[in-house]
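Order-wise, the sequence lines are chains A and B. Residue numbering for the first sequence follows the numbering used here, beginning at 1 and increasing consecutively. Residue numbering for the second sequence follows the numbering used here, beginning at 340 and increasing consecutively.
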Amino acid sequence: MSNGNSLKTYKNLLEVRDLRTHFKTDAGIVKAVDGISFTLNEGETIGIVGESGSGKSVTNLSIMRLIQSPPGKIVGGEIIFENKDILKLSQRELRHIRGNEISMIFQDPMTSLNPFLKISTQMVETIRLHQNISRKEALAKSIDMLKLVGIPAAEERIHNYPHQFSGGMRQRVMIGMALSCEAKILIADEPTTALDVTIQAQILELIQELAKKLNTAVILITHDLGVVAGMCDSVCVMYAGKIVEKAKTEKLYAHPAHPYTDGLIQSVPRLDKAHDGKLFSIKGQPPNVIDLPDCCPFHPRCHKVMEVCRHHYPPTKDLGDGHEVSCWLYIDKKEHPDA
Amino acid sequence: MTKYIIKRLLGIIPTLLVIITISFFIVRVAPGGPFDGERALPEVVKRNIEAKYHINDPLIMQYGRYMFDVLRGDLGPSYRYKDHDVNFYIFESLPNSMILGVIAISISIIFGITSGMLAALRQNTWVDYLSMAFAVIGISVPLFVIGPVLQYFFAMKLQWLPTSGWFTSGDGWKTVILPAITLAFAHFATIARLTRSSMLDTLRSDYIRTAKAKGMKNSTIIFKHTMKGTMLPIVSYLGPAFAGIITGSVVVEQVFRIPGLGKFFVQSSFNRDYTLIVGVVIVYSVILVIMNFIVDILYSLLDPRITYK
Chain A
1 MSNGNSLKTY
11 KNLLEVRDLR
21 THFKTDAGIV
31 KAVDGISFTL
41 NEGETIGIVG
51 ESGSGKSVTN
61 LSIMRLIQSP
71 PGKIVGGEII
81 FENKDILKLS
91 QRELRHIRGN
101 EISMIFQDPM
111 TSLNPFLKIS
121 TQMVETIRLH
131 QNISRKEALA
141 KSIDMLKLVG
151 IPAAEERIHN
161 YPHQFSGGMR
171 QRVMIGMALS
181 CEAKILIADE
191 PTTALDVTIQ
201 AQILELIQEL
211 AKKLNTAVIL
221 ITHDLGVVAG
231 MCDSVCVMYA
241 GKIVEKAKTE
251 KLYAHPAHPY
261 TDGLIQSVPR
271 LDKAHDGKLF
281 SIKGQPPNVI
291 DLPDCCPFHP
301 RCHKVMEVCR
311 HHYPPTKDLG
321 DGHEVSCWLY
331 IDKKEHPDA
Chain B
340 MTKYIIKRLL
350 GIIPTLLVII
360 TISFFIVRVA
370 PGGPFDGERA
380 LPEVVKRNIE
390 AKYHINDPLI
400 MQYGRYMFDV
410 LRGDLGPSYR
420 YKDHDVNFYI
430 FESLPNSMIL
440 GVIAISISII
450 FGITSGMLAA
460 LRQNTWVDYL
470 SMAFAVIGIS
480 VPLFVIGPVL
490 QYFFAMKLQW
500 LPTSGWFTSG
510 DGWKTVILPA
520 ITLAFAHFAT
530 IARLTRSSML
540 DTLRSDYIRT
550 AKAKGMKNST
560 IIFKHTMKGT
570 MLPIVSYLGP
580 AFAGIITGSV
590 VVEQVFRIPG
600 LGKFFVQSSF
610 NRDYTLIVGV
620 VIVYSVILVI
630 MNFIVDILYS
640 LLDPRITYK
């Protein structure tokens, strides 16, 4: 979707401002998401990348307000969708948005469909929840959706149970179900992680194709930078609950600003570049996000670490054209605290 | 499916034959016998008894004769009670235990599932703590304590219900209430705890998150999406529990003076009443294998992933 769309003027669809989701645990408060902001435009696809535990999934479950509470709690921020703050909606208004305006597909298609109910039941109930149509019409529509996502013999298959489908087919069903109400936003939470490599590309292509056809904006959560490069218009890189870099996809790949992003891109195995048989990897482990001190959480792993990084979290700097980065490297030395 | 049912029903026969054979020999291995007393019997009496019950025949012949009788539906004469045979005692007392058991298990299912669900849906609130406290009492306090406590309050203090007796004692259905509640207690507790943990598991599953993400109401999610998953472990518990409860409880029968089957399990063993012991074992085994069969069928009805061929 990255080609050609740059000329179109985007309409702002979803705006996340300073979102904070914390989890209370016995060991302390886990700031899984700690002050992140991004904007999603109509028909746009953005990627959220990061290691496990960086807060990607929590961000998106927060948008749907699906955080298990307790222990989780959205403690601050705004999520503006169509001029309304999702965080302030009543349960009733929220239900109108879930599955209807904003849909979600999950990592593991094996467990995301209810094993006790037929596909037809699960799809028809979704459509009838949000649209005032008869069971028969809803069934016809469900069959159309299954055909659209490439399920062969959809008329018969719709009466099967989830266990009668393969993993890839189940994810297709999930996508069909998620888009059956023409959602404006599709949140795909690592939709291909649990699938075979051969199936992964098919599923991603399907999401891309349908998003274009139905003009659905997509938030793609992944830890795979290769996936992002092929699909997303822009990318947010998350680390320890914060967005450390945000840019248009081409920009990010051509000129990664944050040392973490740089490390991630270098870690992607590439056939077109000679290497000495060893893959690059960022040394160290992702930080424990319990009671993080107010420093740059990446500093223990950073090869360009400076003294200031150990004591202060860097402010966000706009490098132009929406390319934002949170790193002391880009802040004028004179503005460093106690420097 | 029909083929599977027939296969399973036929499979019950060898199972029972094995159970009968093992129990026939095992009861005779235990020291002592039905006619051993404090005093030695006079020689002539002893000879008569031995002749009547074929005690001196080789064991294998006794076994053959017994199996032949059992296959014709005759569980033989009791070695202890002279008035009637084993069939009579079982068919006289089993219906009483069944009535009591069915009422008790119904009470424990209704209250157990309700309070388990409430506890799961209101996890870590007073509702949860209260029903789990009840469950702990039910599991840890023995029947012979719960029974008399209920008798003390509801029969002696409040005088609402009779202390003991059965339909035949003139108080009618009122006699069933206290023993049924007593018997229900332990099962109520287990069912409540099972329901709670099973429901919590189901509520945390991915497909419930999907249902929420689809915008479904909580009530619809609970009844349409979580019920089947929640019921599976309870169904498998209920099979054997049901078999146990309808074959009577010696404690409850003693406390409330109920002419049930339970007492025969204990008395017949004390008396070395071989035929009665094997008789009640057969009754219990038949009910148990049937219950397990029903559980398997229910499983396939609840869970589409389970199919039998």
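Beta carbons: idealized from backbone N, C-alpha and C, even for Gly. All values derive from a computational prediction rather than experimental measurement.
Item to check | lysine 648 of chain B classed as buried or exposed, judged by whether at least 16 other C-beta atoms fall within 10 angstroms | outcome: Label assigned to lysine 648 of chain B: exposed.
Checklist entry - isoleucine 143 of chain A to phenylalanine 165 of chain A, Cα distance in whole Å? => result Isoleucine 143 of chain A and phenylalanine 165 of chain A have their C-alpha atoms some 15 Å from each other.
Checklist entry - What does a CB cutoff of less than 8 Å around threonine 316 of chain A pick up in its chain, not counting 5 residues either side in sequence? => result Here threonine 316 of chain A has Glu324, Val325, Ser326 as same chain residues with Cβ atoms under 8 Å from its own Cβ, once five neighbours each way along the sequence are excluded.
Next on the checklist: Pop quiz: leucine 207 of chain A and alanine 188 of chain A are said to be a contact at Cβ under 8 Å. What is the actual Cβ separation, rounded to whole angstroms?
Outcome noted: In the sequence as displayed, the identity of residue 207 of chain A is isoleucine instead of leucine. Indeed, because the Cβ distance is near 6 Å, the residues count as touching under 8 Å.
Item to check | Where glutamine 107 of chain A falls: helix, strand or coil (DSSP) | outcome: Three-state result, glutamine 107 of chain A: coil.
Item to check | Separation of methionine 538 of chain B from proline 115 of chain A, as counted between CA atoms | outcome: Note on geometry: alpha-carbon atoms of proline 115 of chain A and methionine 538 of chain B lie some 15 Å from one another.
Item to check | Cα-Cα separation between isoleucine 621 of chain B and proline 397 of chain B, rounded to whole angstroms | outcome: Spanning the two alpha carbons is a distance of roughly 23 Å.
Item to check | Beta-carbon neighbours of threonine 21 of chain A, restricted to chain B and to distances below 9 Å | outcome: Near threonine 21 of chain A there are no residues of chain B at all, since even the closest Cβ is about 16 Å away, more than 9 Å.
Checklist entry - Taking the C-alpha atoms as reference points, what is the distance between lysine 24 of chain A and leucine 264 of chain A? => result About 30 Å.
Checklist entry - Can you round the beta-carbon distance between isoleucine 285 of chain B and isoleucine 530 of chain B to whole angstroms, since I take them to be within the 8 Å contact cut? => result Past the edges of chain B, shown from 340 to 648, lies residue 285 of chain B, and the structure says nothing about it.
Checklist entry - Any idea if histidine 393 of chain B is buried or exposed, counting beta-carbon neighbours within 10 angstroms, 16 or more meaning buried? => result Histidine 393 of chain B comes out exposed.
Item to check | Interface partners of arginine 461 of chain B on chain A, CB under 7 Å | outcome: Think of a sphere of 7 Å around the beta carbon of arginine 461 of chain B: no beta carbon from chain A falls inside it, the nearest being about 13 Å out.
Checklist entry - So with Cβ pairs under 8 Å, would you call serine 112 of chain A a contact of chain B? => result Yes, contact with chain B.
Checklist entry - According to DSSP, is histidine 22 of chain A helix, strand or coil? => result In this structure, histidine 22 of chain A counts as strand in the three-state DSSP scheme.
Checklist entry - Residues of chain B with a CB under 7 Å from the CB of threonine 126 of chain A: which are they? => result Going along chain B in sequence order, the residues near threonine 126 of chain A (Cβ under 7 Å) are Lys553.
Checklist entry - Residues of chain A with CB under 8 Å from proline 572 of chain B, in chain order? => result Within 8 Å Cβ-Cβ: nothing; proline 572 of chain B doesn't reach chain A, min ~14 Å.
Checklist entry - Do the segment 57-67 of chain A and the segment 82-97 of chain A meet, that is, are 3 or more Cβ pairs less than 8 Å apart? => result The segment 57-67 of chain A is in contact with the segment 82-97 of chain A.
Next on the checklist: What are the residues in the segment 526-550 of chain B lying within 9 Å of chain A by C-beta distance?
Outcome noted: Hits within the stretch, in order: Arg543, Ser544, Asp545, Tyr546, Ile547, Arg548, Thr549, Ala550.
Item to check | Inside the segment 255-332 of chain A only - beta strand (DSSP E) runs reaching at least 3 residues | outcome: Counting only runs that start and end inside the segment 255-332 of chain A, the beta strand (DSSP E) elements of at least 3 residues fall at 316-318, 324-326.
Checklist entry - Who pairs with serine 234 of chain A in a beta bridge, going by DSSP? => result Serine 234 of chain A pairs with A:Ile46, A:Lys248.
Item to check | CB-CB length for phenylalanine 38 of chain A against lysine 184 of chain A, believed under 8 Å | outcome: Not confirmed; about 16 Å, so no contact.
Item to check | Per-residue contacts from leucine 195 of chain A into chain B (C-beta, under 7 Å) | outcome: Counting only Cβ-Cβ distances below 7 Å, leucine 195 of chain A has no contacts in chain B at all, with the closest Cβ about 15 Å away.
Next on the checklist: Within 8 Å, do at least three Cβ pairs link the segment 459-467 of chain B to the segment 631-648 of chain B?
Outcome noted: No: fewer than three Cβ pairs fall under 8 Å.
Checklist entry - Can you find a heavy atom of the ligand GTP that lies under 7 Å from the Cβ of valine 58 of chain A? => result No copy of the ligand GTP occurs in the structure displayed, which carries no ligand at all.
Item to check | lysine 73 of chain A (DSSP reduced to helix, strand or coil) | outcome: Reduced to three states, the DSSP call for lysine 73 of chain A is strand.
Checklist entry - Quick one, which residues of the segment 41-65 of chain A are near chain B if we go by CB-CB under 7 Å, in chain order? => result Interface annotation for the segment 41-65 of chain A against chain B: Met64, criterion Cβ-Cβ distance under 7 Å.
Checklist entry - By DSSP, does asparagine 395 of chain B sit in helix, in strand, or in coil? => result Coil at asparagine 395 of chain B, not helix or strand.
Checklist entry - Rounded to a whole number of angstroms, what is the C-alpha to C-alpha distance between isoleucine 175 of chain A and isoleucine 199 of chain A? => result Rounded to whole angstroms, isoleucine 175 of chain A to isoleucine 199 of chain A spans 14 Å at the Cα level.
Item to check | Cα-Cα separation, serine 432 of chain B to aspartate 424 of chain B | outcome: Taking the straight line joining both Cα atoms gives about 13 Å.
Item to check | Proximity below 8 Å, CB of serine 103 of chain A to CB of leucine 210 of chain A | outcome: At the C-beta level, serine 103 of chain A and leucine 210 of chain A stay beyond 8 Å of one another.
Checklist entry - Quick one: which chain B residues come within Cβ less than 8 Å of arginine 95 of chain A? => result The contacting residues are Gly554, Met555, Lys556.
Checklist entry - With which residues is isoleucine 185 of chain A paired in a DSSP beta bridge? => result Per DSSP, A:Ile102, A:Ala217.
Checklist entry - Closest Cβ-Cβ distance between asparagine 100 of chain A and chain B: below 8 Å? => result It does; some Cβ of chain B falls within 8 Å.
Next on the checklist: Helix, strand or coil for glutamate 335 of chain A? Go by DSSP, reduced to three states.
Outcome noted: Here glutamate 335 of chain A sits in helix by DSSP.
Next on the checklist: When you compare the CB of aspartate 85 of chain A with every CB in chain B, is at least one pair closer than 8 Å?
Outcome noted: At least 8 Å separates the CB of aspartate 85 of chain A from every CB of chain B.
Checklist entry - For a contact meaning CB atoms closer than 8 Å, what does aspartate 108 of chain A contact in chain B? => result Chain order gives the chain B residues near aspartate 108 of chain A as Asp545, where near means a beta carbon separation below 8 Å.
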